[in-house]
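Down below is the structure, laid out as structure tokens.
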Amino acid sequence: MSVIRVVIADDSQVARDVLRDILSRDDDIEIVGEATNGREAVELAKRLAPQLITMDLNMPVMDGLSAIEEIMYSKGVPILVVSDRSDAQTAYQALEVGALEVMPKPTLEGADAERLLERVRLLSGVAVITRLRRRGSAPPPTPPKPAFTVTPRGVPRNFQHVVAIACSTGGPQALVRVLRRLPSGFPAPIVIAQHISHGFIDGMAQWLASLCTMPVSVGQEGELLRPGHIYLSPSERDLCVSSRHRFQLQPSPECSLYHPCCDVLLQSVAEVYGSDAIGIILTGMGRDGVNGMRAIHRAGGTTFAQDEASSVIYGMNQEAVKAGVIQYELPLDSLPDRLLRDVRGYMDSRPEPLA
Numbered sequence: 221m222s223v224i225r226v227v228i229a230d231d232s233q234v235a236r237d238v239l240r241d242i243l244s245r246d247d248d249i250e251i252v253g254e255a256t257n258g259r260e261a262v263e264l265a266k267r268l269a270p271q272l273i274t275m276d277l278n279m280p281v282m283d284g285l286s287a288i289e290e291i292m293y294s295k296g297v298p299i300l301v302v303s304d305r306s307d308a309q310t311a312y313q314a315l316e317v318g319a320l321e322v323m324p325k326p327t328l329e330g331a332d333a334e335r336l337l338e339r340v341r342l343l344s345g346v347a348v349i350t351r352l353r354r355r356g357s358a359p360p361p362t363p364p365k366p367a368f369t370v371t372p373r374g375v376p377r378n379f380q381h382v383v384a385i386a387c388s389t390g391g392p393q394a395l396v397r398v399l400r401r402l403p404s405g406f407p408a409p410i411v412i413a414q415h416i417s418h419g420f421i422d423g424m425a426q427w428l429a430s431l432c433t434m435p436v437s438v439g440q441e442g443e444l445l446r447p448g449h450i451y452l453s454p455s456e457r458d459l460c461v462s463s464r465h466r467f468q469l470q471p472s473p474e475c476s477l478y479h480p481c482c483d484v485l486l487q488s489v490a491e492v493y494g495s496d497a498i499g500i501i502l503t504g505m506g507r508d509g510v511n512g513m514r515a516i517h518r519a520g521g522t523t524f525a526q527d528e529a530s531s532v533i534y535g536m537n538q539e540a541v542k543a544g545v546i547q548y549e550l551p552l553d554s555l556p557d558r559l560l561r562d563v564r565g566y567m568d569s570r571p572e573p574l575a
């Protein structure tokens with residue numbers, strides 16, 4: 221395995237020392253430069269050609285968000301945002317301009333240190349492309365108009381389908397591309413388990429809500445599912461659905477590598493909704509979500525996987541395809557229109573199932 225060349229960007233000497241200490245534990249990682257502000261990070265990206273940059277957000281001279289945009293315009297380097305939990309919403313804005321993932325600043329010991337090493341190894345191999353700069357402070361582009369429109373008729377007392385989505389690395393960006401093309405009157409609840417570090421889920425919900433036409437919130441104990449609403453699983457507990465169509469929260473095992481657990485959510489949706497469940501597994505590493513997709517498939521529900529070409533990491537979705545529990549493997553941008561057809565009963569134009 222070749223050495224992974226890394227640049228650390230953080231204005232805090234203490235934070236740089238911690239990151240350097242953790243990354244130096246892996247002989248396959250070489251720290252080739254350190255930046256104390258965003259401008260230095262941009263220059264080091266050009267001069268040193270790193271395979272990954274860890275980026276703080278609150279820095280002098282040029283902030284991390286501006287630095288990410290500048291780097292992605294000129295170089296196209298994998299960027300891992302490593303920032304304080306208080307910067308959660310800004311951290312997700314960084315994904316819009318090209319960062320691959322966000323995580324909190326780690327301590328020298330504990331799970332976050334190992335998670336940092338894991339993320340650096342994984343993301344350094346991701347192929348990224350340069351992006352166009354945003355122009356000034358213009359508002360975000362209007363979401364593309366969906367192929368079908370849904371006329372709201374008030375909040376229905378009941379709904380037929382539930383859409384359950386599992387995702388990990390690359391998931392937030394993939395979710396935006398799907399969810400922003402669904403109308404505010406979408407006639408089903410959407411429940412999501414996205415692997416995420418503690419303290420970042422509220423920021424992700426706020427970020428998604430700013431980009432989507434549907435309301436977005438973190439699922440609460442006893443909350444009733446409603447159509448036309450997007451629910452995220454909290455990071456510190458596992459979310460599942462009860463037979464009364466309400467959320468239940470259960471402790472997430474400390475030994476679990478990924479939080480929240482995708483399998484827990486998907487399996488509960490399969491048990492409660494059976495053939496009316498629609499399961500989607502998106503980009504991400506590992507196998508979490510495969511058993512949940514299997515449960516939906518066995519219950520007679522509909523199962524989709526994001527295809528390899530549109531995935532940041534073709535991992536958990538690939539494992540689900542290999543397990544034979546996916547009916548339709550589709551490009552990411554094909555999913556919104558397909559969901560509208562399936563949820564509304566337009567079933568006459570199905571793509572061919574996987575062999």
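Residue 221 is where the sequence shown starts when you use the numbering used here, and the numbers rise one by one after that.
Heads up, the beta-carbon is just placed ideally off N, CA and C, and yes, glycines get one too.
Bear in mind the structure is a predicted one, so any value in this text is a computation, not a measurement.
Using the rule of at least 16 other Cβ atoms within 10 Å of the residue's Cβ for burial, across every protein chain shown, is residue i buried or exposed?
{"i": "glycine 270", "result": "A small correction: the amino acid at residue 270 is proline; glycine does not occupy that position in the sequence shown. Proline 270 comes out buried."}
{"i": "serine 303", "result": "buried"}
{"i": "glutamine 233", "result": "exposed"}
{"i": "histidine 418", "result": "exposed"}
{"i": "aspartate 247", "result": "exposed"}
{"i": "threonine 327", "result": "exposed"}
{"i": "serine 455", "result": "buried"}
{"i": "leucine 560", "result": "buried"}
{"i": "lysine 325", "result": "buried"}
{"i": "aspartate 553", "result": "exposed"}
{"i": "proline 447", "result": "buried"}
{"i": "arginine 518", "result": "exposed"}
{"i": "leucine 555", "result": "buried"}
{"i": "glutamate 260", "result": "buried"}
{"i": "glycine 390", "result": "buried"}
{"i": "alanine 529", "result": "exposed"}
{"i": "proline 403", "result": "buried"}
{"i": "glutamate 321", "result": "buried"}
Could you check the C-alpha separation between residue i and residue j for me, to the nearest Å?
{"i": "valine 492", "j": "arginine 464", "result": "9 Å"}
{"i": "threonine 274", "j": "valine 301", "result": "6 Å"}
{"i": "isoleucine 412", "j": "serine 437", "result": "10 Å"}
{"i": "proline 280", "j": "threonine 310", "result": "16 Å"}
{"i": "serine 388", "j": "glutamate 263", "result": "31 Å"}
{"i": "proline 471", "j": "aspartate 458", "result": "6 Å"}
{"i": "glycine 535", "j": "cysteine 481", "result": "16 Å"}
{"i": "valine 238", "j": "valine 382", "result": "44 Å"}
{"i": "proline 409", "j": "aspartate 283", "result": "37 Å"}
{"i": "phenylalanine 406", "j": "leucine 337", "result": "40 Å"}
{"i": "glycine 258", "j": "glycine 506", "result": "33 Å"}
{"i": "isoleucine 490", "j": "lysine 295", "result": "Contrary to the premise, residue 490 reads as alanine rather than isoleucine in this sequence. Rounded to the nearest angstrom, the two C-alpha atoms are 44 Å apart."}
{"i": "glutamine 393", "j": "glutamate 316", "result": "7 Å"}
{"i": "isoleucine 498", "j": "aspartate 562", "result": "9 Å"}
{"i": "glycine 439", "j": "alanine 347", "result": "34 Å"}
{"i": "threonine 522", "j": "isoleucine 516", "result": "7 Å"}
{"i": "glycine 318", "j": "threonine 256", "result": "20 Å"}
{"i": "histidine 449", "j": "proline 435", "result": "5 Å"}
{"i": "alanine 386", "j": "tyrosine 293", "result": "30 Å"}
{"i": "serine 531", "j": "isoleucine 288", "result": "21 Å"}
{"i": "arginine 533", "j": "arginine 397", "result": "Note on residue identity: the sequence assigns isoleucine, not arginine, to residue 533. Answer to the nearest angstrom: the Cα atoms are 16 Å apart."}
{"i": "aspartate 276", "j": "glycine 494", "result": "44 Å"}
{"i": "alanine 331", "j": "tryptophan 427", "result": "26 Å"}
{"i": "glycine 544", "j": "arginine 335", "result": "30 Å"}
{"i": "leucine 243", "j": "glycine 504", "result": "22 Å"}
{"i": "aspartate 442", "j": "lysine 542", "result": "Before going on, a small fix: residue 442 reads as glycine here, not aspartate. One C-alpha to the other measures close to 36 Å."}
{"i": "tyrosine 240", "j": "leucine 431", "result": "The residue asked about is misnamed: residue 240 is arginine in this sequence, not tyrosine. C-alpha separation (whole angstroms): 36 Å."}
In chain order, what residues of the same chain lie with their CB nearer than 8 Å to the CB of residue i, ignoring the 5 residues before and after it?
{"i": "leucine 550", "result": "Phe524, Ala525, Gln526, Asp527, Arg558, Pro571"}
{"i": "leucine 272", "result": "Ile224, Arg225, Val226, Val227, Val297, Pro298, Ile299, Leu300, Val340, Leu343, Ser344"}
{"i": "leucine 268", "result": "Arg225, Val227, Val252, Gly253"}
{"i": "proline 361", "result": "Reliability fails at proline 361, whose pLDDT of 43 lies under 50, so the model's placement of it is uncertain and no value is given."}
{"i": "glutamate 250", "result": "Val223, Ile224, Arg225, Val226"}
{"i": "alanine 265", "result": "Val227, Ile273, Ile291, Ser294, Lys295, Val297"}
{"i": "leucine 395", "result": "Ile385, Cys387, Ile412, Gln414, Leu428, Leu502"}
Going by DSSP, name the residue or residues bridged to residue i.
{"i": "proline 324", "result": "Ser303"}
{"i": "glutamine 468", "result": "Cys460"}
{"i": "cysteine 387", "result": "Gln414"}
{"i": "isoleucine 450", "result": "Ile410, Val436"}
{"i": "valine 382", "result": "Ala497"}
{"i": "leucine 445", "result": "According to DSSP, which records beta bridges pairwise, leucine 445 is partnered with nothing at all."}
Residues in its own chain within less than 7 Å of residue i by CB, not counting five upstream and five downstream?
{"i": "proline 363", "result": "Unreliable placement is indicated for proline 363, whose pLDDT of 45 sits below 50; no coordinate value is reported for it."}
{"i": "isoleucine 421", "result": "Val438, Leu452, Pro454, Ser455"}
{"i": "leucine 285", "result": "Leu277, Thr310, Gln313, Ala314, Val317"}
{"i": "leucine 444", "result": "His465, Arg466"}
{"i": "arginine 236", "result": "Ile228, Asp230, Glu254"}
Here's a check: name, in chain order, each residue in its chain whose Cβ is nearer than 6 Å to the Cβ of residue i, leaving out the five neighbours to either side.
{"i": "alanine 540", "result": "Ile501, Val510, Met513, Ala525, Ile546"}
{"i": "arginine 373", "result": "Note that arginine 373 has pLDDT 40, beneath the 50 cutoff, so the model's placement of it is unreliable and the number below is only indicative. For arginine 373, where only same-chain residues beyond five positions count, there are no Cβ hits under 6 Å."}
{"i": "glutamine 380", "result": "Asp496"}
{"i": "glutamate 290", "result": "Val262"}
{"i": "valine 484", "result": "Asp458, Cys460"}
{"i": "alanine 308", "result": "Phe420, Gly423"}
Any heavy atom of the ligand NAP inside 6 Å of the beta-carbon of residue i?
{"i": "proline 454", "result": "Absent from the structure shown: the ligand NAP. Ligands present: none."}
> Can you list the alpha helix (DSSP H) stretches of 4 or more residues lying completely in the region 494–555, in chain order?
Replying inline: 510–518, 536–542
> Going along the chain, which unbroken runs of the beta strand (DSSP E) with 3 or more residues stay wholly within the region 223–288?
Replying inline: The qualifying runs are 224–229, 249–255, 272–275.
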